[in-house]
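2 protein chains.
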Amino acid sequence: MGRVSDGRERLMNAALDLIWEESYGAVTIDDICNRSKVKKGSFYYFFESKADLAVAALEHLWSTHTKPLMDEIFSPLLSPLERLDKAFKRAYDRQVELKQETGKVLGCPYFCIGCEMTDQEPRLGEKMREIVGRKRRYYESAIRDAVAAGEIAPCDPAEKALCLMAMVEGLLSQARILNDTAVLKNLPAMAMGLIGAKSIATPTV
Amino acid sequence: MGRVSDGRERLMNAALDLIWEESYGAVTIDDICNRSKVKKGSFYYFFESKADLAVAALEHLWSTHTKPLMDEIFSPLLSPLERLDKAFKRAYDRQVELKQETGKVLGCPYFCIGCEMTDQEPRLGEKMREIVGRKRRYYESAIRDAVAAGEIAPCDPAEKALCLMAMVEGLLSQARILNDTAVLKNLPAMAMGLIGAKSIATPTV
DNA sequence: CTTGCATTTGACCATTTAGTAAACAATTCT
DNA sequence: AGAATTGTTTACTAAATGGTCAAATGCAAG
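In order, the protein sequence lines correspond to chains A and B.
Sequential numbering of the first sequence, starting at 278, is according to our numbering.
Sequential numbering of the second sequence, starting at 278, is according to our numbering.
Laid out in structure tokens, this is it:
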């Protein structure tokens, strides 16, 4: 009952776009309102603060985009190494796509915002820790499966996942800093090398 | 002739501390003035803007701390693998030290600020690219030497250095996000593993 | 010791920003 | 239709922030 609105979602999308392109600190509530065509009165009708909106926006991004994508990439229908290889290739393709759309290599929103906001805005820091942890579990599980299947040498999956994610996120960050996707060109090969496997050749289209 | 002052340096140090602990966007000129006990009038006597100060502060950090430290760590008197191992161990020790001093795992200032500021404040972004590039050259050179000395398998040193740095910086970032040095516990072992070598055992004191 | 320069100070202004309030508009349920 | 509920708008306030200026203050060399 009552009036219906997509204002809440427009705000979350605008906030995410702006914060990802610039940074949390560089974006004001007015910026978000302008981009989403929502008036400030409505902003405060939906959210308590910028931090509150950011937390909601990031959880929204996770549940509507990241999680479904991760579930597809890490589908048990693929072999463990295929899952990982797919993940790395998607990461590269995504950045190329973003560069074309926005002119910028944006890297990983969770990581960028996480680094910026660990200690300020406790709820936001907590959310980032949560989401980064979720992502790691996908890698960890695939590595565990790969070891069990004898596809890679035995190792501590938790430790290896941490490392693997560090490399992927580290490369994404460097690509963002340099605004250059070339850095990521052989992310798949390098990441697969880290776990002691070869990247799966894909035919050039 | 005229009056002498350490105001400029006090400003740079305060700015660096604050920005590293929080973030560039979260720190105001007033904050920096308070911390450094320099009045705003003097701030604008020394610097044009916050970005201007940040650029100076980061270059200052590089030339007074980072470069000397890197030169010592990557001294040609050590074998290439010893240099790298030393670099990784120092990185870990430093974060433990910072955690004790500030209660926070701060990660790498160049990388954190770099991610936040790539596209805003062009001069600052440029400076970060510059410094990150300098750091990479130390790794690259050590890897090249290690290959030449037959200490590790042949590889593309530039690519390997990028990767290695990605892993180190990626782990540092995760440590910052989680505010936990445990993530870095076996950074040396993992990083040495990446280049196909073993970390050098050090006696526990 | 005084002159010239380098710094300091504090008061000040303009703008941006977060946040509020109350009237208004649209939708649905009864 | 008319409540009741949900969302929208506008105009407003208070505080924070960036930025300026002219006068005052120390230092150091001649």
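Backbone N, C-alpha and C fix where the C-beta goes; we use that ideal spot for every residue, glycine too.
All of these numbers come straight from a predicted model, not from anything done at the bench.
Our contact map puts residue i next to residue j with C-beta atoms below 8 Å; I'd like the distance itself, whole angstroms only.
i         : j         : result
Leu-375/A : Ala-331/A : Wrong, their Cβ atoms sit about 20 Å apart, outside the cutoff.
Ile-472/A : Leu-439/A : With a Cβ gap of about 12 Å, Ile-472/A and Leu-439/A do not count as contacting.
Arg-453/A : Val-409/A : No, Arg-453/A and Val-409/A are not in contact; Cβ-Cβ is about 16 Å, not under 8 Å.
Lys-317/A : Ile-306/A : 7 Å
Leu-362/A : Met-469/A : Rather than Leu, the amino acid found at residue 362/A in this sequence is Asp. Right, their Cβ atoms sit about 6 Å apart.
Glu-436/A : Phe-388/A : Their Cβ separation, rounded to whole angstroms, is 19 Å, which puts Glu-436/A and Phe-388/A out of contact at 8 Å.
Glu-398/B : Gly-302/B : Glu-398/B to Gly-302/B, Cβ: 10 Å. No contact.
Asp-396/A : Glu-299/B : 7 Å
Asp-294/A : Pro-357/A : With a Cβ gap of about 34 Å, Asp-294/A and Pro-357/A do not count as contacting.
Gln-372/A : Thr-479/A : With a Cβ gap of about 17 Å, Gln-372/A and Thr-479/A do not count as contacting.
Ile-490/B : Ala-291/B : This structure cannot settle anything about residue 490/B, because the visible part of chain B is limited to 278 through 482.
Arg-360/A : Ala-419/A : 5 Å
Kindly list the residues whose CB is nearer than 7 Å to the CB of residue i, restricted to its own chain and excluding five residues on each side of it in sequence; keep chain order.
i         : result
Ile-296/A : Val-304, Ala-331 and Ile-390
Phe-323/B : Gly-284, Arg-285 and Leu-288
Lys-475/A : Met-469
Glu-336/B : Lys-404
Gly-384/B : Leu-449, Ser-450, Ala-452 and Arg-453
Glu-417/B : Pro-434, Ala-435 and Ala-438
Kindly list the residues whose CB is nearer than 8 Å to the CB of residue i, restricted to its own chain and excluding five residues on each side of it in sequence; keep chain order.
i         : result
Arg-287/B : Ser-313, Lys-314 and Val-315
Ala-368/A : Val-445, Leu-449, Leu-461 and Leu-464
Ala-328/B : Glu-398, Arg-400 and Leu-401
Ala-426/B : Ser-356 and Pro-357
Glu-378/B : none
Lys-412/B : Thr-343, Met-347, Tyr-387 and Met-442
Val-424/B : Ala-430, Pro-431, Cys-432 and Pro-434
Note down, in chain order, each residue of its chain lying with its Cβ closer than 6 Å to the Cβ of residue i, except the 5 sequence neighbours on either side.
i         : result
Leu-455/B : none
Tyr-415/A : Met-347 and Phe-351
Lys-366/A : Pro-465
Ile-477/A : Asp-362
Arg-280/A : none
Ala-364/B : Ile-350
Ser-282/B : none
Trp-339/A : Ile-408
The ligand ADP and residue i: does any heavy atom of the ligand fall closer than 7 Å to the residue's C-beta?
i         : result
Gly-380/B : Summarising the ligand content, the structure contains no ligands, and the ligand ADP is consequently not present.
**Asked** In the stretch 395–429 of chain B, which residues sit with their C-beta less than 7 Å from some C-beta in chain A, listed in chain order?
**Response** Listed by position, the residues of the stretch 395–429 of chain B near chain A (Cβ gap below 7 Å) are Thr-395, Asp-396, Gln-397, Met-405, Arg-406 and Val-409.
**Item:** Cβ-based contacts, 8 Å cut-off: residues of the stretch 444–458 of chain A near chain B
**Value:** For the stretch 444–458 of chain A, which is checked against every Cβ of chain B, the residues closer than 8 Å are Met-444, Val-445, Glu-446, Gly-447, Leu-448, Ser-450, Gln-451, Arg-453, Ile-454, Leu-455 and Asn-456.
**Item:** Sequence ranges, alpha helix (DSSP H) only - wholly within the stretch 396–433 of chain A, length at least 4
**Value:** For the stretch 396–433 of chain A, whole alpha helix (DSSP H) runs of length 4 or above, ordered along the chain, are 399–425.
**Request:** Pull out every residue of the stretch 368–398 of chain A whose Cβ sits closer than 8 Å to any Cβ of chain B, in chain order.
**Result:** Taking 8 Å as the Cβ-Cβ cut-off against chain B, the residues of the stretch 368–398 of chain A that qualify are Lys-381, Gly-384, Phe-388, Cys-389, Gly-391, Cys-392, Glu-393, Met-394, Thr-395, Asp-396 and Gln-397.
**Prompt:** What residue ranges within the stretch 294–364 of chain B form continuous beta strand (DSSP E) runs of no fewer than 3 residues, ordered along the chain?
**Reply:** Entirely contained in the stretch 294–364 of chain B, not one beta strand (DSSP E) run reaches 3 residues.
**Members of the stretch 303–333 of chain A that neighbour chain B once the beta carbon cut-off is set at 7 Å** = Residues of the stretch 303–333 of chain A with a C-beta atom less than 7 Å from some C-beta of chain B are Ala-303, listed in chain order.
**Item:** Contact list for the stretch 429–443 of chain A against chain B, Cβ threshold 8 Å
**Value:** Residues of the stretch 429–443 of chain A that bring their beta carbon within less than 8 Å of a beta carbon in chain B comprise Glu-436, Leu-439, Cys-440, Met-442 and Ala-443, in sequence order.
**Request:** Compile a chain-ordered list of the residues in the stretch 458–476 of chain A whose CB is closer than 8 Å to at least one CB of chain B.
**Result:** The stretch 458–476 of chain A vs chain B, Cβ under 8 Å: Val-460, Asn-463, Met-467 and Leu-471.
**Prompt:** the stretch 279–304 of chain B: which residues have C-beta closer than 8 Å to a C-beta of chain A, in chain order?
**Reply:** So the close ones are Glu-298, Glu-299, Ser-300, Tyr-301, Gly-302 and Ala-303.
**Item:** Length-filtered (4 minimum) alpha helix (DSSP H) runs lying within the stretch 428–479 of chain B
**Value:** Annotation: the stretch 428–479 of chain B contains the following complete segments of the alpha helix (DSSP H) (minimum length 4 residues), in chain order: 434–455 and 464–471.
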